[in-house]
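Student: Protein chains in written order, with our numbering: chain E, 3 to 299; chain G, 60 to 280.
Note that the Cβ used here is the ideal one computed from N, Cα and C, for glycine as well.
Please read all numbers here as calculations on a predicted model, not as lab measurements.
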């Protein structure tokens, strides 16, 4: 009697106890502490940017009950991530879910440690999708929405699968549903923050606004709108590449440019310094040109 | 052969069926809550906030000036549908627990669980009458336990925090583990999706304090 339910309940509690070893408390704001994920055994911690309200006087509460001081390595508001470094060793790093088998409907657990003990909520994967842009222009490599309840202080903590393997970092700041920043994005952002102290972003130096294209171009290009260049900054990558006021940018690096979001998405940090193909409409004619991306200061 | 989820569903329904046998409805004339049969000779536990000002031991409101409303009565509706008058044996607003007595015998008591041993992640059920729906069940997991949980009222008190919704009509009803054993009584919400229960060890201590008898079958605290 009740074997499946008892086994399920015990398995969930075991998963929480085991995965909880890789979850820390982040004391970096005045009100309730938040949560963080152990990224490396020697003290790299990843958490949510919005819970790190101060740059100094940060304390990490470890699973063994110890408290250790930490320094801020860097933050990326566009993906709501921050990296901290604590002077410690021998921390437990969570194993990772590969995402290969993850499907809508799978059980997942959100973990947090706003106090001494690990806390947990349960849910299922509600939606899975491809990469998306946050409202602040950050690229998130997968869309992962769950129905886990975000208990106070859970931001920055991990979402784990039924085996306790890491799927990503939970944040309540990017949208008002429970969203997880997936491990591929954590990898990318953490490595950039550890190397550069920031996430590099490409830069063109134009002011632009979306405009409706003339009928002929709409049919030829298969898009309704493009970006009208309304200003070009002096000495900017755009000026050096020959972009002019009044040009309409319709494609860049092989991707259609319809809105500002499209352009922001195409200005990824790994394109800095590269000459990339662009399509513009100038004087009623479609032109191809090369544009070299700069780096946003 | 039923698949795993069907087996799980059957197990869950069995637990709910079992718990409903010890679930009562506590009515105070206007509004009502839930209660749990603690002893077969008519001892019911519920939240103090469910019985409110019924504290004089006769099932009538305490006289407060001249505002006594004799038409309001404290009653308990048993699982078989019969409604009987109840009186308050003891009530503790601070712990939010009350003990009621009804004139009945051989009632199906609830098995007691161990609210100190329960771990985050374990599956739990709340059974009650949310929004007046009789015997409705919700399932969730234990978020955490103890007296040091974030954003809880009365922070020196111990709580069992659960990821399920406690609604009007759930108050005083049982929170049980996967074997249907009482872990606490559902008491309040501490966020849009998170409920909180008074742990069963707090209820046992209350009964011992107020009624003077140690609770049979419960590990002494």
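Quick check: residue 255 of chain G and residue 249 of chain G, are their CB atoms within less than 8 angstroms of each other?
Tutor: Taking the first residue of the second chain as 1, we reach residue 255 of chain G at position 196. Taking the first residue of the second chain as 1, we reach residue 249 of chain G at position 190. Closer than 8 angstroms, so yes.
Student: Spatial neighbours of residue 164 of chain G within its chain, please: CB distance less than 6 angstroms, with the 5 preceding and 5 following residues excluded, ordered by chain position.
Tutor: To locate residue 164 of chain G, count along the second chain from 1; it is residue 105. Around residue 164 of chain G: 100.
Student: Any heavy atom of the ligand FAD within a distance shorter than 7 angstroms of the CB on residue 208 of chain G?
Tutor: The ligand FAD is absent from the structure shown, which contains no ligands of any kind.
Student: Within 10 angstroms of the Cβ of residue 66 of chain E, are there 16 or more other Cβ atoms? Answer buried if so, exposed if not.
Tutor: Position 64 of the first chain, counted from the first residue, corresponds to residue 66 of chain E. The residue in question, residue 66 of chain E, is exposed, as its Cβ has fewer than 16 Cβ neighbours within 10 Å.
Student: Counting only Cβ pairs nearer than 8 angstroms, list the residues of chain G close to residue 64 of chain E.
Tutor: Counting from one through the first chain, the residue named residue 64 of chain E turns up at place 62. What residue 64 of chain E touches in chain G: nothing, since even the nearest Cβ is about 17 angstroms away.
Student: Could you tell me which of E/137, E/277, E/37, E/181 sits nearest to residue 121 of chain E, measuring between CA atoms?
Tutor: Numbered from its first residue, the first chain carries residue 121 of chain E at position 119. It is E/37.
Student: With three or more beta-carbon pairs closer than 8 angstroms as the criterion, would you say the segment 43-59 of chain E touches the segment 19-30 of chain E?
Tutor: yes
Student: Where does residue 84 of chain G land, buried or exposed, given buried means 16+ other C-beta within 10 angstroms?
Tutor: Counting from 1 along the second chain, the entry for residue 84 of chain G is found at position 25. It counts as buried.
Student: From residue 210 of chain G to residue 101 of chain E, what does the alpha carbon distance come to, in whole angstroms?
Tutor: Walking along the second chain from the start, residue 210 of chain G turns up at place 151. Walking along the first chain from the start, residue 101 of chain E turns up at place 99. Roughly 34 angstroms between the two C-alpha positions.
Student: Pull the bridge partners of residue 30 of chain E from the DSSP assignment, please.
Tutor: Residue mapping note: residue 30 of chain E aligns to position 28 of the first chain, counting from 1. BP columns for residue 30 of chain E are empty, so no partner.
Student: Does residue 216 of chain E come within less than 8 angstroms of chain G when only Cβ atoms are used?
Tutor: The sequence position of residue 216 of chain E within the first chain is 214, counting from 1. Chain G contact via Cβ: absent.
Student: Looking at the structure shown, is residue 77 of chain E part of a helix, part of a strand, or coil, going by DSSP?
Tutor: Counted from its first residue, the first chain places residue 77 of chain E at position 75. Of the three classes helix, strand and coil, the one that applies to residue 77 of chain E here is strand, per DSSP.
Student: What distance in whole Å lies between the Cβ atoms of residue 86 of chain E and residue 74 of chain E, which are believed to be in contact at a cut-off of 8 angstroms?
Tutor: As a working mapping, residue 74 of chain E is identified with position 72 in the first chain. As a working mapping, residue 86 of chain E is identified with position 84 in the first chain. Rounded, the Cβ-Cβ distance is 6 angstroms, consistent with contact.
Student: Please classify residue 132 of chain E as buried or exposed, where buried requires at least 16 neighbouring CB atoms within 10 angstroms.
Tutor: Indexing the first chain from 1 puts residue 132 of chain E at position 130. With fewer than 16 Cβ atoms within 10 Å of its Cβ, residue 132 of chain E is classed as exposed.
Student: For the putative contact between residue 150 of chain G and residue 110 of chain G, defined by C-beta atoms under 8 angstroms, what is the C-beta separation to the nearest angstrom?
Tutor: In the second chain, the residue the question calls residue 150 of chain G occupies position 91. In the second chain, the residue the question calls residue 110 of chain G occupies position 51. At roughly 6 angstroms, the Cβ-Cβ gap stays under 8 angstroms, so residue 150 of chain G and residue 110 of chain G are in contact.
Student: Can you tell me where the beta strand (DSSP E) holding residue 254 of chain G begins and where it ends?
Tutor: Locating residue 254 of chain G in the second chain gives position 195, counting from the first residue. From DSSP, the beta strand (DSSP E) with residue 254 of chain G extends over 253-258.
Student: Which one of E/217, E/213, E/279, E/8 has the shortest CA to CA distance from residue 229 of chain E?
Tutor: For the purposes of this step, residue 229 of chain E is taken as residue 227 along the first chain, with counting starting at 1. Out of E/217, E/213, E/279, E/8, E/213 has the C-alpha closest to the C-alpha of residue 229 of chain E.
Student: Quick one: using the 10 Å Cβ neighbour count with 16 as the cut-off for buried, is residue 196 of chain G buried or exposed?
Tutor: In the second chain, the residue the question calls residue 196 of chain G occupies position 137. Counting Cβ neighbours within 10 Å, residue 196 of chain G comes out buried, since at least 16 surround it.
Student: Three-state secondary structure (DSSP) at residue 2 of chain E?
Tutor: Missing from the structure shown is residue 2 of chain E; chain E here goes from 3 to 299 and no further.
Student: Checking contacts by CB at 8 angstroms: is residue 281 of chain E closer than that to chain G?
Tutor: Position 279 of the first chain, counted from the first residue, corresponds to residue 281 of chain E. Cβ-Cβ to chain G under 8 angstroms: no for residue 281 of chain E.
Student: Assuming residue 133 of chain G and residue 145 of chain G are in contact, meaning their beta carbons sit under 8 angstroms apart, how far apart are those beta carbons, in whole angstroms?
Tutor: Working through the second chain from its first residue, we reach residue 133 of chain G at position 74. Working through the second chain from its first residue, we reach residue 145 of chain G at position 86. Indeed they touch by this definition, with Cβ atoms about 5 angstroms apart.
Student: Run the CB neighbour count on residue 290 of chain E, radius 10 Å, all protein chains shown included, and call it buried at 16 or more, exposed below.
Tutor: In the first chain, residue 290 of chain E corresponds to position 288, counting from 1. Exposed, because fewer than 16 other Cβ atoms sit within 10 Å of the Cβ of residue 290 of chain E.
Student: Could you tell me which whole beta strand (DSSP E) segments of length 3 or greater appear in the segment 117-183 of chain E?
Tutor: 121-131, 145-148, 160-163, 168-173
Student: Going by other Cβ atoms of all chains shown within 10 Å of its Cβ, with 16 needed for buried, is residue 192 of chain E buried or exposed?
Tutor: As a working mapping, residue 192 of chain E is identified with position 190 in the first chain. Flag for residue 192 of chain E reads buried.
Student: Where does the unbroken beta strand (DSSP E) through residue 290 of chain E begin, and where does it stop?
Tutor: To locate residue 290 of chain E, count along the first chain from 1; it is residue 288. Where residue 290 of chain E is concerned, the enclosing beta strand (DSSP E) stretches over 287-294.
Student: What's the gap between the Cα of residue 249 of chain E and the Cα of residue 220 of chain E?
Tutor: As a working note, residue 249 of chain E is residue 247 in the first chain. As a working note, residue 220 of chain E is residue 218 in the first chain. One C-alpha to the other measures close to 16 angstroms.
Student: State the CB to CB distance for the pair residue 96 of chain G and residue 166 of chain G, rounded to an integer number of angstroms; the pair is presumed to be in contact (CB under 8 angstroms).
Tutor: As a working mapping, residue 96 of chain G is identified with position 37 in the second chain. As a working mapping, residue 166 of chain G is identified with position 107 in the second chain. The pair is a contact, with the Cβ atoms about 5 angstroms apart (cut-off 8 angstroms).
Student: Which chain G residues are close to residue 80 of chain E, counting only those with a beta carbon under 7 angstroms from its beta carbon?
Tutor: Locating residue 80 of chain E in the first chain gives position 78, counting from the first residue. Under the 7 angstroms cutoff, chain G gives no residues; its nearest Cβ is about 27 angstroms from residue 80 of chain E.
Student: What are the complete beta strand (DSSP E) segments, minimum 3 residues, inside the segment 60-90 of chain G?
Tutor: 82-86
Student: Please report the straight-line C-alpha distance between residue 146 of chain E and residue 48 of chain E, rounded to a whole angstrom.
Tutor: Counting from one through the first chain, the residue named residue 146 of chain E turns up at place 144. Counting from one through the first chain, the residue named residue 48 of chain E turns up at place 46. Residue 146 of chain E and residue 48 of chain E: Cα-Cα distance of roughly 18 angstroms.
Student: Below 7 angstroms on C-beta distance, what does residue 71 of chain G contact in chain E?
Tutor: Residue 71 of chain G sits at position 12 when you count from the first residue of the second chain. Chain E residues near residue 71 of chain G: 7.
Student: So the candidates are G/191, G/233, G/156, G/105; which of them puts its Cα closest to the Cα of residue 79 of chain G?
Tutor: Locating residue 79 of chain G in the second chain gives position 20, counting from the first residue. Comparing Cα positions, the closest option is G/233.
Student: Check the DSSP bridge columns for residue 341 of chain E and list the partner residues they point to.
Tutor: Lying outside 3 to 299, the shown extent of chain E, residue 341 of chain E is not represented and no answer is given.
Student: At least one CB of chain G closer than 8 angstroms to the CB of residue 153 of chain E: is that the case?
Tutor: Position 151 of the first chain, counted from the start, is the residue given in the question as residue 153 of chain E. Yes, residue 153 of chain E lies at the interface with chain G (some Cβ there is under 8 angstroms from its Cβ).
Student: Using alpha carbons as the reference points, say which of G/108, G/184, G/241 lies closest to residue 159 of chain G.
Tutor: Residue numbering aside, residue 159 of chain G sits at position 100 when the second chain is read from its first letter. Among G/108, G/184, G/241, the Cα nearest to that of residue 159 of chain G is on G/108.
Student: Does the Cβ-Cβ distance between residue 143 of chain E and residue 180 of chain E come in under 8 angstroms?
Tutor: Against the first chain, residue 143 of chain E aligns to sequence position 141. Against the first chain, residue 180 of chain E aligns to sequence position 178. Result no, Cβ atoms of residue 143 of chain E and residue 180 of chain E do not sit closer than 8 angstroms.
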